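Asks: Quick one: structure below, then a few questions.
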Amino acid sequence: MQTNSDNILSAVRIEKGFPGTKALDKVDLHLRRGEVHALLGENGAGKSTLIKCLTGAYRRDGGSILLDGAEVDPRDTFEAQRLGIGTVYQEVNLLPNLTVAENLYLGRQPRRFGMVDTRSMNRKARELLAEYELDIDVTRDLASYSVAIQQVVAIARAVDLSGKVLILDEPTASLDAHEVEMLFRIVRRLKKRGLGIIFITHFLEQVYAISDRITVLRNGQLVGTREARELDRRELIALMIGRELATEIQSVHPDAVEGETRYTFRNYGRRGKIDPFDLDVRAGEVVGMAGLLGSGRTETAEILFGAHRADSGTAKVDGRTVDLSSPRAAIRQKFGFCPEDRKTAGIVGDLSVRENIVLALQARRGWTRPIPRVEQNRLADLYIRALDIRTADREKPIKLLSGGNQQKAILARWLATEPDLLILDEPTRGIDVGAHAEIIRLIESLREKGMSLIVISSEIEELVAYSTRVVVLRDHAHVAELNGAQLTAHRIVEAIAATNGRKAS
Amino acid sequence: MKQKYLPLTATILIFVLSYALCAAQYPNILSTRVIGNLLTDNAFLGIAAVGMTFVILSGGIDLSIGAVIAFAGVFLAVVLEHGSMHPLVAFALLLTITTLFGALMGAIIHYLEMPAFIVTLAGMFLARGMAFVLSIDSVPIKHPFYGTLKSLYYKLPGGGRITLIGGLMLLVFAIGILIAHRTRFGTNIYALGGGTATAKLMGVPVAATTVRIYALSGLLAGLSGIVFSLYTSAGYSLAAVGVELDAITAVVIGGTLLTGGSGFVAGTLVGILIQGLIQTYITFDGTLSSWWTKILIGLLLFAFILLQKGIIHLSRPERQRA
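Keeping their order, the protein sequence lines are chains U and F.
Just so you know, the first sequence maps onto residues 1 to 505 in this note's numbering.
Just so you know, the second sequence maps onto residues 1001 to 1322 in this note's numbering.
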């Protein structure tokens, strides 16, 4: 056990209850100086409740918080910030319409003769960001920079304001691999400066890439704190979900299926979106799409579904040339598409689970032929059961469900239309490990039923697990296709990273 | 060029172009007399529009200013007619009342979490109603001090005059620009327009800022009322109907985003001048009905809304890809 002086932050026996539930039950967390400490657990395990207790967003019911050995009791996030605990959230909490410098110094702008001294503020901002390897024009609006840079600005502000403890709440969820690497370089540098860093994420690779220690919560209780080096992946997942699902993710590897080719795309593409590509999809096959963010994965999906009209090439279904110029046309061909960003492109938050599930089916029938309520109820109940969507009842507004359950409801929406080809864009992003495994199992069972699937995912190991073939994309082009023995995570990464491998396939 | 300067540049370009067109037809429009009159005639509207700019930048709206201007006129007329109060004292009293009135609306908007539209609509009826309570008739102001104030001017070469009220408007704009860009309060206004929840998380004193924004708008509406009473030498409770809408128009034509967070006080001045120029042109022409002013302003406003939509549309994919 470490002596107390090594800990920059200690939370001891924290308790927090909400009406009807115990969100945190005597949880301990010890954060050392200069360490990155991953805080893991499924959705609802109590991670965010614990963070909110530490940052004063919630009042804890019991337990104590020691910062630098002294007991503290932050009443709100400002006080926590003043004491030295800064937080950076997944959604960048800065103002897009202010300049970078204004965002860094909002509320504490340097003043001269009562007026804001813009020049000195900009100079200070440049100096501050230089420490983060960022050389940008600080007088431009924050919105003109990428999410990754905004994230770094948010970190710079939090560290500048607080300087002892930095809490990163899923900071990498919308970053691509390069950006994550940049962020990690900064985190390592802050670690050297002696900050204690709490890191929350769903990406286990990232946990191992950056963390020194791992604390796992489950159902509001502390499962344990381990050295990251000594805890292997399977064991970690077992700790998080409390059952041996880890093996399952690894073991499912479908045999190459020799169903007949149903979908044929030749020279299909759209200028400025995705270079023309050839693609065949057989019945009972999962075609994976791998590539970095912005490589053209999502564009491929959108063009297949008619969200963007193709300007070259032909599409054939069962040998017939078909028109896929709009989502309606694609739905008529029995295509289904679960987009990546379920909040903006998928769920209708205020509608009930039932209404969200029947939405696509109703749209296909046309509004003049409403689906009878009895049928709606039957469908909703069927899929709530089949996909194990955890909701109190089918009339609950979908926004009240957890991310994984929302994702399953959107899947249900497309399954209700009984599609022949289902396109899934990042079906497992931002959902917890348990739901993750269930979605993967679902993809498996759909494939076994003879459905064709195209799945886009950033998680390469996951793709390897369920795909029969994987198409690799880079710079808006399909650059390689891997199958059979070639289909390994290593080969995929190689294909993504290759610089002059345009003709690799 | 940075994108946020695009609407402002468009406004200035339109002003310069239309001025050039007018000058090509009526070279007299270039004289300093016309320019001086342009400032004097639009002084009350300009001063009120500065307050409106701050309100809109913060993401709100203030519908009460036209009614407050009318109230101010009637208040001054009645007080000066029946009392022995010196106009300067009456001015101070009036500004205190309208500032408190604005602050009260700001407090209601913030603490009761009511939409600014409804609260200031209620404020509009209240202020207009109070004006009627004071007097139903148009009351002339004959105080000698008014004559003194009206005779003050700065003579421009070429015979034009910057009157007291025209100069006051320019001063208000100058101070407004300083507040917007060189004070923490100014940055906080932009911050509120960018997103109240985020601004709050970043430590912006949301309550104080909201109250001060509407107090400032009330103060400037009161000042605008004083200028209006100097301009017309009377107080009438039915005066200045729809001035709030003209002010909103000037703000939007001036390149400020109606949803808040982006825009410039200086743009509003150009917006005022464009409106004034159209009116001047119609006066010069003499044959056109004055309703052409409204039609042209309407078209211009529509064009600017399209421009803003276009800019938002252009900037969005960039943000999504990021």
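Ideal Cβ positions, reconstructed from N, Cα and C, are used throughout, including at glycine.
These numbers were taken from a predicted model, which means no experiment stands behind them.
If residue 413 of chain U sits next to residue 360 of chain U, beta carbons under 8 Å apart, how far is it from one beta carbon to the other, in whole angstroms?
Replies: As a first step, residue 413 of chain U must be located in the first sequence, where it is residue number 413. As a first step, residue 360 of chain U must be located in the first sequence, where it is residue number 360. Right, their Cβ atoms sit about 5 Å apart.
Asks: Can you tell me whether residue 381 of chain U is helix, strand or coil according to DSSP?
Replies: Taking the first residue of the first sequence as position 1, residue 381 of chain U is located at position 381. Helix.
Asks: Go ahead and pull the three-state DSSP assignment for residue 369 of chain U.
Replies: Sequence index remark: in the first sequence, residue 369 of chain U carries index 369 (1-based). Residue 369 of chain U: coil per DSSP, three-state reduction.
Asks: Jot down the residue ranges of each uninterrupted alpha helix (DSSP H) in the region 261–328 of chain U, minimum 4 residues, whole runs only, in chain order.
Replies: Within the region 261–328 of chain U, the complete alpha helix (DSSP H) runs of at least 4 residues are 297–304.
Asks: Considering only heavy atoms of the ligand GTP, does any lie closer than 7 Å to the CB of residue 1043 of chain F?
Replies: This structure lacks the ligand GTP, and indeed carries no ligand of any kind.
Asks: Could you pull the start and end residues of the beta strand (DSSP E) that residue 478 of chain U belongs to?
Replies: Here residue 478 of chain U corresponds to residue number 478 of the first sequence, with the count starting at 1. Run containing residue 478 of chain U: 477–483, per the beta strand (DSSP E) assignment.
Asks: According to DSSP, what are the bridge partners of residue 474 of chain U?
Replies: Position 474 of the first sequence, counted from the first residue, corresponds to residue 474 of chain U. Answer is U:477.
Asks: Are the region 1040–1051 of chain F and the region 1167–1178 of chain F in contact at 8 Å, needing three or more beta carbon pairs?
Replies: Flag = yes, the region 1040–1051 of chain F and the region 1167–1178 of chain F touch.
Asks: Could you give the DSSP three-state label for residue 1061 of chain F: helix, strand or coil?
Replies: The residue you call residue 1061 of chain F lines up with position 61 of the second sequence. Reduced to three states, the DSSP call for residue 1061 of chain F is coil.
Asks: Excluding sequence positions up to five away, which residues of its chain have a Cβ less than 7 Å from the Cβ of residue 1257 of chain F?
Replies: As a working mapping, residue 1257 of chain F is identified with position 257 in the second sequence. Answer for residue 1257 of chain F: 1263, 1308, listed in chain order.
Asks: Can a CB atom of chain U be found closer than 8 Å to the CB of residue 1033 of chain F?
Replies: Sequence index remark: in the second sequence, residue 1033 of chain F carries index 33 (1-based). No, because no Cβ of chain U sits closer than 8 Å to the Cβ of residue 1033 of chain F.
Asks: Exposed or buried, residue 1128 of chain F, counting other C-beta atoms within 10 Å across all chains shown (16 or more means buried)?
Replies: On the second sequence, position 128 is the one that residue 1128 of chain F refers to. Buried is the call here.
Asks: Is the shortest distance between the beta-carbon of residue 1204 of chain F and the beta-carbons of chain U less than 8 Å?
Replies: Residue mapping note: residue 1204 of chain F aligns to position 204 of the second sequence, counting from 1. Yes, because at least one Cβ of chain U sits closer than 8 Å to the Cβ of residue 1204 of chain F.
Asks: Does residue 1310 of chain F get closer than 8 Å to chain U when you measure Cβ to Cβ?
Replies: Along the second sequence, one-based indexing puts residue 1310 of chain F at 310. No, residue 1310 of chain F lies away from the interface with chain U (no Cβ there is under 8 Å from its Cβ).
Asks: What does the Cβ neighbour count give for residue 1306 of chain F, buried or exposed, with the cut at 16 atoms within 10 Å?
Replies: Here residue 1306 of chain F refers to the residue found at position 306 when the second sequence is read from its first residue. Exposed is the call here.
Asks: According to DSSP, residue 1028 of chain F sits in a beta bridge with which residue or residues?
Replies: In the second sequence, the residue the question calls residue 1028 of chain F occupies position 28. Looking at the DSSP assignment, residue 1028 of chain F forms no beta bridge with any residue, so it has no partner.
Asks: Out of U:161, U:356, U:273, U:180, state which residue places its alpha-carbon closest to the alpha-carbon of residue 476 of chain U.
Replies: Counting from 1 along the first sequence, the entry for residue 476 of chain U is found at position 476. For residue 476 of chain U, the nearest C-alpha among the options comes from U:273.
Asks: Please list the segments of the alpha helix (DSSP H) lying wholly inside the region 132–176 of chain U, counting only runs of 4 or more residues, in order along the chain.
Replies: The qualifying runs are 147–161.
Asks: Just confirm the distance between the C-beta atoms of residue 270 of chain U and residue 308 of chain U, as a whole number of angstroms; I'd bet it's less than 8 Å.
Replies: Locating residue 270 of chain U in the first sequence gives position 270, where the first residue counts as 1. Locating residue 308 of chain U in the first sequence gives position 308, where the first residue counts as 1. Their Cβ separation, rounded to whole angstroms, is 6 Å, which keeps residue 270 of chain U and residue 308 of chain U in contact under 8 Å.
Asks: Starting from residue 78 of chain U, find everything on chain F with Cβ-Cβ shorter than 8 Å and list it in chain order.
Replies: For the purposes of this step, residue 78 of chain U is identified with residue 78 of the first sequence, where counting begins at 1. Chain F residues near residue 78 of chain U: 1203.
Asks: Mind pulling the beta strand (DSSP E) runs of 3 or more residues that sit fully within the region 1143–1173 of chain F?
Replies: Taking only runs of at least 3 residues, the beta strand (DSSP E) segments lying wholly in the region 1143–1173 of chain F are 1153–1155, 1161–1163.
Asks: Output the distance between the C-alpha atoms of residue 182 of chain U and residue 284 of chain U, rounded to the nearest integer angstrom.
Replies: Residue numbering aside, residue 182 of chain U sits at position 182 when the first sequence is read from its first letter. Residue numbering aside, residue 284 of chain U sits at position 284 when the first sequence is read from its first letter. Roughly 40 Å between the two C-alpha positions.
Asks: If I'm right that residue 297 of chain U touches residue 443 of chain U with Cβ under 8 Å, what's the distance once you round it to whole angstroms?
Replies: Stepping through the first sequence from its first residue, residue 297 of chain U is reached at position 297. Stepping through the first sequence from its first residue, residue 443 of chain U is reached at position 443. Between residue 443 of chain U and residue 297 of chain U the Cβ distance is about 16 Å, and since that is not below 8 Å, they are no contact.
Asks: Indicate whether the contact test is met: 3 or more Cβ pairs, each with one atom in the region 74–91 of chain U and one in the region 151–163 of chain U, closer than 8 Å.
Replies: The region 74–91 of chain U vs the region 151–163 of chain U: in contact.
Asks: If you draw a straight line from the alpha carbon of residue 140 of chain U to that of residue 99 of chain U, how long is it in whole angstroms?
Replies: Numbered from its first residue, the first sequence carries residue 140 of chain U at position 140. Numbered from its first residue, the first sequence carries residue 99 of chain U at position 99. Their Cα atoms are separated by approximately 5 Å.
Asks: Note down, in chain order, every chain F residue with its Cβ under 8 Å from the Cβ of residue 94 of chain U.
Replies: Within the first sequence, residue 94 of chain U is the residue found at index 94, counting from 1. Residues of chain F passing the Cβ test: 1198, 1202.
Asks: Please confirm if residue 1014 of chain F has its CB atom under 8 Å from at least one CB of chain U.
Replies: As a first step, residue 1014 of chain F must be located in the second sequence, where it is residue number 14. No - not a single Cβ of chain U is within 8 Å of the one on residue 1014 of chain F.
Asks: Is it true that the CB of residue 276 of chain U sits closer than 8 Å to the CB of residue 336 of chain U?
Replies: Counting from 1 along the first sequence, the entry for residue 336 of chain U is found at position 336. Counting from 1 along the first sequence, the entry for residue 276 of chain U is found at position 276. Contact flag unset, no.
Asks: May I ask which residues mark the beginning and end of the alpha helix (DSSP H) holding residue 222 of chain U?
Replies: Position 222 of the first sequence, counted from the first residue, corresponds to residue 222 of chain U. Per DSSP, residue 222 of chain U belongs to no alpha helix (DSSP H); it is in the beta strand (DSSP E), 221–227.
Asks: DSSP beta-bridge partners for residue 1293 of chain F?
Replies: To locate residue 1293 of chain F, count along the second sequence from 1; it is residue 293. Answer is none; residue 1293 of chain F lacks a bridge partner.
Asks: Would you call residue 1175 of chain F buried or exposed, if buried means 16 or more other Cβ atoms sit within 10 Å of its Cβ?
Replies: Stepping through the second sequence from its first residue, residue 1175 of chain F is reached at position 175. It is exposed - the Cβ of residue 1175 of chain F has fewer than 16 other Cβ atoms within 10 Å.
Asks: Leaving out the 5 sequence neighbours to the left and right, which residues in its chain are closer than 6 Å to residue 1119 of chain F when beta-carbon positions are compared?
Replies: Taking the first residue of the second sequence as position 1, residue 1119 of chain F is located at position 119. Around residue 1119 of chain F: 1105, 1108, 1109.
Asks: Report buried or exposed for residue 1059 of chain F, applying the criterion of at least 16 other Cβ atoms within 10 angstroms of its Cβ.
Replies: Translated into the one-based positions of the second sequence, residue 1059 of chain F becomes position 59. Flag for residue 1059 of chain F reads buried.
Asks: Among U:387, U:395, U:462, which residue has its Cα nearest to the Cα of residue 377 of chain U?
Replies: Sequence index remark: in the first sequence, residue 377 of chain U carries index 377 (1-based). Checking every option, the nearest Cα to that of residue 377 of chain U belongs to U:395.
Asks: Would you say residue 1060 of chain F faces chain U, with C-beta separation under 8 Å as the test?
Replies: As a position in the second sequence, residue 1060 of chain F is number 60, starting the count at 1. It does not: the Cβ of residue 1060 of chain F has no partner Cβ on chain U nearer than 8 Å.
Asks: For residue 1236 of chain F, does the count of other Cβ atoms within 10 angstroms reach 16, so buried, or fall short, so exposed?
Replies: In the second sequence, residue 1236 of chain F corresponds to position 236, counting from 1. Flag for residue 1236 of chain F reads buried.
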